[in-house]
Amino acid sequence: MAMDGSSSGDGILLEVDAVTLQYKTPQHLVTATYRVSFAVHRRDRFIVLGPSGCGKSTLLKGVAGFLKPVEGSIRLNGKTIEKPGPDRMMVFQEFDQLLPWKTVKQNVMFPMVTSGKFSGREAGDRALAAIDKVGLATFADIYPHMLSGGMKQRVAIARAMAMEPDILLMDEPFAALDALTRRKMQEELLQLWQDIGFTMLFVTHSIEEAIIVGNRILVLSPVRDTLDASNIGEIIRPLSTWERFSSNTAVRRVFILVVLATAWQAYSVPLDNPLIFPTFTETLGSLWHATITGELPARVVASLKVLLMGYAAGVALAVVLTTFAVSTRIGTDFLSTLTAMFNPLPAIALLPLALLWFGLGNPSLIFVLIHSVLWPVSLNTHSGFLSVSDTLRMAGNNYGLTGIRFVMRILIPARPASASFSRFSSRPPSRRS
Numbered sequence: 000m001a002m003d004g005s006s007s008g009d010g011i012l013l014e015v016d017a018v019t020l021q022y023k024t025p026q027h028l029v030t031a032t033y034r035v036s037f038a039v040h041r042r043d044r045f046i047v048l049g050p051s052g053c054g055k056s057t058l059l060k061g062v063a064g065f066l067k068p069v070e071g072s073i074r075l076n077g078k079t080i081e082k083p084g085p086d087r088m089m090v091f092q093e094f095d096q097l098l099p100w101k102t103v104k105q106n107v108m109f110p111m112v113t114s115g116k117f118s119g120r121e122a123g124d125r126a127l128a129a130i131d132k133v134g135l136a137t138f139a140d141i142y143p144h145m146l147s148g149g150m151k152q153r154v155a156i157a158r159a160m161a162m163e164p165d166i167l168l169m170d171e172p173f174a175a176l177d178a179l180t181r182r183k184m185q186e187e188l189l190q191l192w193q194d195i196g197f198t199m200l201f202v203t204h205s206i207e208e209a210i211i212v213g214n215r216i217l218v219l220s221p222v223r224d225t226l227d228a229s230n231i232g233e234i235i236r237p238l239s240t241w242e243r244f245s246s247n248t249a250v251r252r253v254f255i256l257v258v259l260a261t262a263w264q265a266y267s268v269p270l271d272n273p274l275i276f277p278t279f280t281e282t283l284g285s286l287w288h289a290t291i292t293g294e295l296p297a298r299v300v301a302s303l304k305v306l307l308m309g310y311a312a313g314v315a316l317a318v319v320l321t322t323f324a325v326s327t328r329i330g331t332d333f334l335s336t337l338t339a340m341f342n343p344l345p346a347i348a349l350l351p352l353a354l355l356w357f358g359l360g361n362p363s364l365i366f367v368l369i370h371s372v373l374w375p376v377s378l379n380t381h382s383g384f385l386s387v388s389d390t391l392r393m394a395g396n397n398y399g400l401t402g403i404r405f406v407m408r409i410l411i412p413a414r415p416a417s418a419s420f421s422r423f424s425s426r427p428p429s430r431r432s
């Protein structure tokens, strides 16, 4: 059902004609939309409204080009949409849609530069103008983890608008915000539309938001609630044996390995040079022989010992450096200086130097392994420790914890991921808009 307000457009921009969209889960094939039709005019604020599970986000993905219709067509400016493109910029509801390693300005510039639509300098100027329009000019050089949720969504909108897309696609962009921030963002979006006059396709489950934001509304209902399944087949049906087989990741990988082994064998047999390029079967035979004689396991154990020694030494040094860095300001400067000097240096480049210093054997390998482990672990661990809130830090200091005791009692428990020296999310306290 469609509700038309006054359309401010001057012609049809987007046409969705009898579109049926389906997607697969591990066990089922789901029909999300069935023969949906509507048209979006230029400068429309077109709302797709409906409850959870009615297919509105799936429909938006179809317009974006992420999902191909099994029936019907989607046309933009008269051309059928076949794949994603910069003429349809999408704003998601998740806050992590921004690149965390880039500043606000760099995030807005990123699609302009990578798509080749604008040069570096022009992209920079356009990025600053877009950031200013969403009221974040003073935050242009700030990283996303320092922004509140509402500010992140403004950056995402600025990034999309700077590309000058034909249509802006918004998938419940304010759903995760609190009520006051959501209302403010709605008002700001309307003001931005008044200033620029873009075309928008906006998905929401909120009737209030649809009335506030849109001038035309399409109401979707779940397929199973509005249609007789006998007309379109099963809305949700189990996958066939072949579909399950082809959807199984392990099976596909085994198939790829079989194809590679066959190609290896087909190339190496006519070559007939076991020294340079042995056949696949000869290689398997040698592997089996080395395994049953105990030669291969012995060498594997020896290699693992060297790896563990190198990794253990690297991690131990990283703990020392990181503890020093989080305990004192000079420690932070010391770690930053060393990582800036040595982290970009490939480990293989140090191997000749290690051979001169330590000679042939395990010490040279351990030295190279320490270099490979020390700097990434130190950087990631330090980043994880910095993400611990100031409140917890002050609490630890108030308890008299310093040095390694501060690290062990406060920093590691506060960021469990740091104990394994793996991934860290960098989320210092947010600045609220």
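So the sequence shown is numbered by numbering that gives the first Met the number 0: it starts at 0 and just counts up by one. No residue lacks a Cβ here, since even glycine has one placed at the ideal position from N, Cα and C. Note that the structure is predicted; figures quoted are calculated from it, not measured.
Beta-carbon proximity check, residue i vs residue j, cutoff 8 Å
i, j, result
"residue 43", "residue 91", "no"
"residue 56", "residue 202", "yes"
"residue 134", "residue 176", "no"
"residue 157", "residue 183", "no"
"residue 435", "residue 20", "Because residue 435 is not part of the residues shown, which for the chain are 0 to 432, the question remains open."
"residue 18", "residue 52", "no"
"residue 112", "residue 139", "no"
"residue 32", "residue 54", "yes"
"residue 268", "residue 278", "yes"
"residue 12", "residue 35", "no"
"residue 84", "residue 108", "no"
"residue 160", "residue 129", "yes"
"residue 47", "residue 219", "yes"
Reduced DSSP secondary structure (H/G/I, E/B, other) of residue i
i, result
"residue 73", "strand"
"residue 34", "strand"
"residue 201", "strand"
"residue 272", "strand"
"residue 47", "strand"
"residue 344", "coil"
"residue 177", "coil"
"residue 217", "strand"
"residue 278", "coil"
"residue 412", "helix"
"residue 183", "helix"
"residue 232", "In this prediction, residue 232 has a pLDDT of 49, which is less than 50 and means its spatial position is unreliable; what the coordinates show is noted afterwards. DSSP places residue 232 in coil when its eight states are reduced to three."
"residue 188", "helix"
"residue 256", "helix"
Alpha carbon of residue i to alpha carbon of residue j, nearest angstrom
i, j, result
"residue 62", "residue 155", "19 Å"
"residue 301", "residue 318", "26 Å"
"residue 325", "residue 331", "7 Å"
"residue 334", "residue 342", "11 Å"
"residue 354", "residue 320", "26 Å"
"residue 383", "residue 338", "16 Å"
"residue 93", "residue 172", "7 Å"
"residue 82", "residue 68", "11 Å"
"residue 503", "residue 378", "Look at the range of the chain in this structure, 0 to 432, and you will see that residue 503 is not part of it."
"residue 256", "residue 246", "16 Å"
"residue 198", "residue 385", "42 Å"
"residue 224", "residue 240", "Here residue 224 scores only 47 on pLDDT, less than 50, and its place in the model should not be relied on; the value that follows carries that caveat. Their backbone Cα atoms lie some 29 Å apart in a straight line."
"residue 206", "residue 186", "16 Å"
"residue 137", "residue 366", "46 Å"
"residue 261", "residue 24", "32 Å"
"residue 50", "residue 204", "5 Å"
"residue 174", "residue 345", "45 Å"
"residue 309", "residue 356", "17 Å"
Delimiting residues of the alpha helix (DSSP H) encompassing residue i
i, result
"residue 120", "119–132"
"residue 310", "294–326"
"residue 58", "55–63"
"residue 158", "148–161"
"residue 404", "402–405"
"residue 207", "206–212"
"residue 386", "It is not in any alpha helix (DSSP H) - residue 386 carries neither H nor E in the DSSP assignment."
Residue i, enclosing beta strand (DSSP E) - first and last residue
i, result
"residue 19", "11–23"
"residue 109", "Premise fails: residue 109 lies in the alpha helix (DSSP H), 103–113, not in any beta strand (DSSP E)."
"residue 166", "166–170"
"residue 90", "87–90"
* Would the region 155–173 and the region 70–88 be scored as touching if the rule is three or more Cβ pairs under 8 Å? -> yes
* **the region 137–151 in contact with the region 88–103 per 3-pair CB rule at 8 Å** => yes
* **Segment contact, 8 Å Cβ cut-off, at least three pairs: the region 311–323 with the region 367–381** => yes
* To do: Evaluate contact between the region 211–222 and the region 31–50, counting only Cβ atoms and requiring at least three cross-stretch pairs below 8 Å.
  => yes
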